[in-house]
Amino acid sequence: MKLNEVVVVINPGSTSTKIALYNREGLVEDFVTRHLQKDLDQFNRVTDQFEYRFEMLKDCLNDMLNGKDYSVVGIVGRGGIVKPLEGGTYRISHEFLEDARTGKYGDHASNLGSMLANKLANHFGLDESYTVDPVSAGNIIEKAQISGVPGIERNRRGHPLNMKMTARKIAAQQGIEYEKAKYVIAHLGGGISIASVEGGKITDVNDALMGMGPFSPNRAGAIPTRGIMDLCYSKSRKEVETLLSKNSGLKAYLGVDDLRDVFKLIEKGNEKAQLVYDAFVYQIAKEIGAYHTAMKCKANGIIITGGIAYSDRFIADLKEYVGCLTEFFVYPGENEMEALAEGAFRVIDGKELAIEY
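The sequence shown begins at 237 in the working numbering and counts up one residue at a time.
As structure tokens, then:
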């Protein structure tokens, strides 16, 4: 095992870009580049930020590698919102890049991951770059794709990277083979996705970006159809998309999208804040319960992950609803960087083949 061989991992967020070096034993070094909102506001679309972010990222990476005996053997970036895919490690192709760049399936910060990885691979003279379990990845069972309206299919936009990595860790903790384990897993952050993981695959998940599941700190979740119709006839498509994906949820009701700020309002006696928070917990619990039932109540555990999982108060309130269903696990934060690195090394080391887009 050559410990000096590293893969470069890139994970773009809305106002930051994470970059890290991993070898086969784990994290070697990482850094987060912060982007000022005023700098980002000059771009019309997220993917228009590509050159701006690339120059910052290249300089940061050169500093990380300067004077050190590292051999870069791979570049992997977080996949974006592309066409519906099965899970796995993908070779970044021209077609993948074009769908990410144009925002054909959605304009999101993660779309930059494949674009940055591809250009960095060229910078290092590598023939290939990779992405692992893109946002739209999931082996959704056919009956879960039916929406009720022919021609409209349920989307599969969630957090597969963190979900599958966390599920592997919990399976190991329980002494269960990951490919035989069954979990309901909830990633709770700015976006909320709740999924069933069976046989090592995500077999059902709500659309965390728009139109399904519980409301999030700033997204609408599922809302009554007549309300959607009224919105669509009163605003432009862009206005409706922005409202539902960025300016709804806790932010719309209370003016804040951080749960800690919600708790501050509650502590000041704000009754509306208490009601909206209660609804927030209630909707998440209801969605978890629905997925547990859809798995015929045979899940090996319910897993709560993502940034909101750091809140002991929230976890205690949620557990009152769903803690009695099966084993209850809390794994705060996200494992996206580690999952990207492991997926890249599996292909580099010949343990699995890269999937073609």
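Built from N, CA and C at the ideal position, the CB exists for glycine as well. All of these numbers come straight from a predicted model, not from anything done at the bench.
query = Based on Cα-Cα distance, which residue from G447, P568, V583 and C533 lies nearest to C560?
reply = C533
key: H528, enclosing alpha helix (DSSP H) - first and last residue   = E507 to A530
key: Close-in-space but distant-in-sequence residues of the same chain around L297 (CB under 8 Å, 5 per side omitted)   = V244, I255 and L356
request  = State the Cα-Cα distance for the pair P320 and A530, rounded to the nearest angstrom.
outcome  = 22 Å
task = Using the DSSP secondary-structure output, state which residues sit across from A373 in a beta bridge.
result = Residue pairing from DSSP places A373 in a beta bridge opposite L321.
message = With a threshold of 7 Å on Cβ separation, who are the neighbours of I665 within its own chain once the five nearest residues in sequence on each side are excluded?
response = Since the first residue of the chain shown is 237 and the last is 593, residue 665 is not available in this structure.
message = Taking the alpha carbon of I328 as the reference point, which residue from K304, V242 and L362 has its own alpha carbon closest?
response = L362
message = Taking 8 Å as the cut-off, does the segment 293-312 touch the segment 569-587 (at least 3 CB pairs, one atom from each stretch)?
response = The answer is yes - the segment 293-312 touches the segment 569-587, with three or more Cβ pairs under 8 Å.
message = Let's test the definition: count the other Cβ atoms within 10 Å of the Cβ of V242 and tell me whether it reaches 16, buried, or not, exposed.
response = So V242 counts as buried.
inquiry  = Taking 8 Å as the threshold (C-beta atoms), are Y341 and V318 in contact?
reply    = yes
key: Buried or exposed (CB count within 10 angstroms, at least 16 for buried), Q285   = buried
task = Report yes if the C-beta distance between L333 and I246 is below 8 Å; otherwise report no.
result = no
message = Using only the alpha-carbon positions, how far apart do T402 and A515 sit?
response = Going from the Cα of T402 to the Cα of A515 covers about 26 Å.
task = At 3 residues or longer, and completely inside the segment 414-446: list those beta strand (DSSP E) runs for me, N to C.
result = 418-424, 428-434 and 437-441
ask   = Where do the ends of the beta strand (DSSP E) carrying I459 lie?
value = Where I459 is concerned, there is no enclosing beta strand (DSSP E), given that its DSSP letter is neither H nor E.
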